[in-house]
Structures are given as structure tokens and as C-alpha cells.
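>
Number of protein chains: 2
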Amino acid sequence: MEPSSGLRERKKQRTRRALIAAAARLFTEKGYLQTTVAEIAAAAEVSSSTLFNYFAGKDDILFADDRYRLDTALRFIAERDPDEPPSTFMDRLAEQLIAAFTPTDGGTDEVTGIPNSLRLQLITTVPELQARALRLVQEAQRQLAEALHAAYPDQVDRLTAAAMVGAMMGAAQSARQVSLERNELPDQVIAATRHGIEVAMGGVRAAALRP
Amino acid sequence: MEPSSGLRERKKQRTRRALIAAAARLFTEKGYLQTTVAEIAAAAEVSSSTLFNYFAGKDDILFADDRYRLDTALRFIAERDPDEPPSTFMDRLAEQLIAAFTPTDGGTDEVTGIPNSLRLQLITTVPELQARALRLVQEAQRQLAEALHAAYPDQVDRLTAAAMVGAMMGAAQSARQVSLERNELPDQVIAATRHGIEVAMGGVRAAALRP
DNA sequence: TCCAAAATTACAAGGATTCCAAATTTGAGG
DNA sequence: CCTCAAATTTGGAATCCTTGTAATTTTGGA
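Protein chains in written order, with my numbering: chain P, 1 to 211; chain X, 1001 to 1211.
This is the structure we're talking about:
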């Protein structure tokens, strides 16, 4: 029982990547709605049944690596300096979130190899995918808030933690959206996101100081 | 051509209400996923085709009145006292949003007659409906931000308006969610929402004062 | 009463998703 | 190398949502 080495495991990873790659290619060529699950499976040389073994649905293929991103942020919170006060920590977390929101540029996802531009275009274009993305963000917020409370159990109660995370993420998203709708350049999108978080930070800092 | 009186129009409204009522009843009795579109149509004594004439999809039936709620908030912004400064206006808007978030209690929706408890339970339970609700919230935020900017074109730019609305709504939602997950009473849910908005207001007020 | 517009309907088709049982492949032990 | 149990894959049926179309019915006004 080799958990991460055996042939079986390697083959599974290869199939998984093949499915993601096939989906990305077809979505780019024909669009999301015009691509059928059967076509993706065929392009990856597996049956449709197998596709559903790997992903819960057509939309899940695009969000295959989301747990990875979230884990990065959760680790950032968990591994904080135990002596750092909440107020300055929130400032650093803000920077971290800005970085996480960055994938506006022309790169490709580290884990899945999906071009960020494709993902972004699909999320803003296809209602079904926008909805999926929003659900993931909400779940991420939940966990971030929980981690924040766990990091400062005596100084930040669950409710305040949720409010702080919600304010930061909500402001960041809204501001970012405005910039994206203006078709601004990546640098400007990041600046807009930063501005949004900065607006929220006014209240977040105050909440972090008042235990 | 009587726009809102004729028999034709009245009959349409009746059919619409019948569909919503049938859906609400069946969702309550058998659950959302277990209820088919055909069953809803049959219970309302129309064909499935007609159901799709009235609603874009099964999930839309539950959100039939959302435009109404949003319009209320938009009117609140549009009809502000032209001389009121942004900072105090935002305080009043905050109260307004808390009220809008209130439907936690045991009442039923004014427009559709759907019990708030049913809607809330379904939204938190069925992923598809949660996603739909989140998309509606995002769209509402967009319009609120636009209205806010329109109300104070010289003092609140679009980006800051979006950030303010995003922070308030994000914080309110997150905090409310925590309270709901604890199965708290309506009063406590409202208090939690208020707390969330209060956290966000710290930054929002500052942004409203800095033109 | 008669007509044109508006609604409703039946029906077919396409596609996502679930389920299940059969067939295949893999890993490990002998 | 051989064999077997477990893990994977697969084909295919079945259900349901959703869209599109063309026929039919209903409605309001002339």
C-alpha cells in the first residue's frame, strides 16, 4: 500500500490531468456550454463514467485546485507568530489575500495548468460557473474566519472574525469586479483590490484592537 | 390595452402564484431535489412548458420576488435627501440593509407567500440554491454600488462605492451565517448581522469622509 | 361575430447526472 | 510466474432539466 507512489496512483494523476487539459482545450476552442461531458471524456481517452469518478460535475473540472489555494491561506494563519497582535497580523493577512486575488495576469495555474485568463473569462461569462466560484469563496471565508478565531481565541470571537474576513473579502471582490468590468490592466486590477481591502481595513483594524 | 387590469393579466398573475404555491408546498413535503418540474406544473394545473414560460428554471421559482427587495433598497438610495452627507447616509443605509437581511423570522414573503423559513432552509441546504442566492446578492451589490456612486458622483467614486457596499454586505452575510449555524433565535441573528455591519462601518465611514 | 395577438400545449431532442452490474487492471502474496 | 481480491473502468439504462418548434386554444378588441 504505497499511498503516493504506486503505478495505480500515478496513472490516476495522469488521467486527472488529462481530463483537465482536455476540458481546458475544448472550453477554449468551443466554449463551455458547447462542450459536452462526453467530448471531454473522449478527448482524454476515458469513458464519461470515469470522468464522473474524478469530478463531481462538468463545472468541478475548472475548480480542481481550489483546495490548494485555500490551504495556503489557512497555513498562513495557522503559522503566525504567536506573539503578534491581531491588528498587525490582519495587515499582513490583507497583503496575503491581495496576492491570492492576483491571478488576473496571463499566467497559468500552478496545479492544474489552466490559464488564468480562461478561468477568469469563463467565471465572468457563464452563470453556472460564476455561481460555483461564489460558493467556493463563501466556504473559504468560513474556514478563514474559523482559523482566525482559532489563532486568537481570547481576542477575536467567532462572530467578529467572520465579520472581519467577510468585510475584507467582500470589499476586495466588489472593487476587483469594478476594475475587471472596466477591462483594466492586471496592475490596475490589483490596485483596485488593494483599495477595496483598504476601505474594509479601517473597520477591521478597529475591531482587531477592541477585544 | 390595459396594462395591469385585463382578465389576461389577472389570469397570468393567478397562474404565477399557483406555480409558486405549488412549488413551495411540494418542496416542503418532498424536498427540493425530489420534486420534479413536471410535478410542480401538474400541481398548478398547467403544462411544464407553461412553467418555463413563467420561470427561467426550477430554482427561479424560489427567487421570484428578488427584484422587489432590491428595488426597495435602490429606491432608498435614489430618494435620499440631496443635502445629506455620505457619512450619515451610510449609517442609515446600514440600518436599511439590516432590515433587508431580517427575513430570518417565521413570517412569509410579502410578494410570493413563501415561508421565509422554507426559503432559508433550502438555501442553506441545497447547493444549487445557495449558488443562486449568492449570484443574486452579487448582482444586488453591483447595483447598490452604482446607485451609491450616482447619489454622490463627486464624493464617492465607483471603486470606493463598490468597496463600501462589498464590505458591508460581506461582513453582514458572514456574521449572519455564523449566527444561523448556531441555530440562534431571530433576534440574535439580527444582532449578529448588526455586529457584522458595525465592523465594516468603521472603514466605510472613514471612506465616506475622505473624498 | 371575427380576427390577430398572446398563451398554452404537446412533443421531440440534447445533455448532465446517477446508478448498477459487468469487465478490466493493478498490487501483493505465494 | 501465477492467482486472487480490491480498485478502476466501462457500457448502458434511466431520470430529469431545459430548449425549441409547431400546433392549438384563449383573449381582447374591432
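All C-beta atoms in this analysis are idealised placements derived from N, C-alpha and C, irrespective of residue type, glycine included.
Roughly how many whole angstroms lie between the Cα atoms of S1174(X) and R1008(X)?
Here residue 1174(X) refers to the residue found at position 174 of the second sequence. Here residue 1008(X) refers to the residue found at position 8 of the second sequence. Those two C-alpha atoms are separated by around 44 Å.
> What does a CB cutoff of less than 7 Å around G203(P) pick up in its chain, not counting 5 residues either side in sequence?
Here residue 203(P) corresponds to residue number 203 of the first sequence, with the count starting at 1. Contacts found: A167.
> Where does P127(P) sit, in a helix, a strand or coil, going by DSSP?
The residue given as residue 127(P) occupies position 127 in the first sequence. Here P127(P) sits in helix by DSSP.
> Might you give, ordered along the chain, the residues of its own chain that have their beta carbon closer than 6 Å to the beta carbon of F1076(X), omitting 5 neighbours on each side?
The residue you call residue 1076(X) lines up with position 76 of the second sequence. So the qualifying residues of the chain are Q1096.
> Starting from S1232(X), find everything on chain P with Cβ-Cβ shorter than 7 Å and list it in chain order.
Outside the modelled stretch of chain X, which goes from 1001 to 1211, sits residue 1232(X), for which no answer is possible.
> CB-CB under 6 Å to A44(P), same chain, minus the five flanking residues each way: which ones, in chain order?
Indexing the first sequence from 1 puts residue 44(P) at position 44. So the qualifying residues of the chain are A18, L19, A22.
> Please decide whether L134(P) counts as near chain X, where near means a Cβ-Cβ distance under 7 Å.
What you label residue 134(P) is simply residue 134 of the first sequence in a count that begins at 1. Yes, because at least one Cβ of chain X sits closer than 7 Å to the Cβ of L134(P).
> I need the DSSP call for T1108(X), collapsed to helix, strand or coil.
Stepping through the second sequence from its first residue, residue 1108(X) is reached at position 108. Looking at T1108(X) - three-state DSSP - the assignment turns out to be strand.
> Pick out whichever of S1087(X), L1074(X), L1033(X) has its Cα sitting closest to the Cα of A956(X).
In this structure chain X extends from 1001 to 1211, so residue 956(X) is not present and cannot be described.
> Is V1137(X) near the ligand SAH, with its Cβ less than 6 Å from a heavy atom?
Judged by which ligands are present, the structure shown has none, so any question about the ligand SAH falls away.
> Could one say the Cβ of V189(P) lies closer than 7 Å to chain X's Cβ atoms, at least one of them?
Here the question's residue 189(P) lines up with position 189 in the first sequence. Not an interface residue.
> Alpha carbon to alpha carbon, how far is S48(P) from T35(P)?
The count along the first sequence starts at 1 and reaches residue 48(P) at position 48. The count along the first sequence starts at 1 and reaches residue 35(P) at position 35. S48(P) and T35(P): Cα-Cα distance of roughly 13 Å.
> Apart from the five residues on each side of it in sequence, which residues of its chain come closer than 8 Å, Cβ to Cβ, to L1180(X)?
In the second sequence, residue 1180(X) corresponds to position 180, counting from 1. Same-chain partners within the cutoff: T1104, L1120, T1124, V1189.
> Assuming V156(P) and L144(P) make a contact with CB atoms under 8 Å, what is their CB distance in whole Å?
As a working mapping, residue 156(P) is identified with position 156 in the first sequence. As a working mapping, residue 144(P) is identified with position 144 in the first sequence. Not confirmed; about 12 Å, so no contact.
> Please report the distance separating the alpha-carbon of K1058(X) from that of A162(P).
Sequence index remark: in the second sequence, residue 1058(X) carries index 58 (1-based). Sequence index remark: in the first sequence, residue 162(P) carries index 162 (1-based). Between K1058(X) and A162(P), the C-alpha separation is close to 32 Å.
> Let's see if you can read the secondary structure: which residues bound the alpha helix (DSSP H) around E181(P)?
Within the first sequence, numbered from 1, the residue matching residue 181(P) stands at position 181. Segment 158 to 181, the alpha helix (DSSP H) holding E181(P).
> Identify, in the order they occur along the chain, each residue of the same chain with its Cβ nearer than 7 Å to the Cβ of F1063(X), setting aside the five sequence neighbours on each side.
Indexing the second sequence from 1 puts residue 1063(X) at position 63. So the qualifying residues of the chain are R1132, L1136.
> Please name the residues in the segment 65 to 95 of chain P whose beta-carbon is closer than 9 Å to at least one beta-carbon of chain X, in chain order.
Per Cβ criterion, the list is empty.
> Could you pull out every residue in the same chain whose Cβ sits closer than 8 Å to the Cβ of D91(P), ignoring the five residues on either side in sequence?
In the first sequence, residue 91(P) corresponds to position 91, counting from 1. Hits under 8 Å: M201, R205.
> How long is the line joining the alpha carbons of Q1177(X) and L1129(X), rounded to whole angstroms?
To locate residue 1177(X), count along the second sequence from 1; it is residue 177. To locate residue 1129(X), count along the second sequence from 1; it is residue 129. Cα to Cα, Q1177(X) sits roughly 15 Å from L1129(X).
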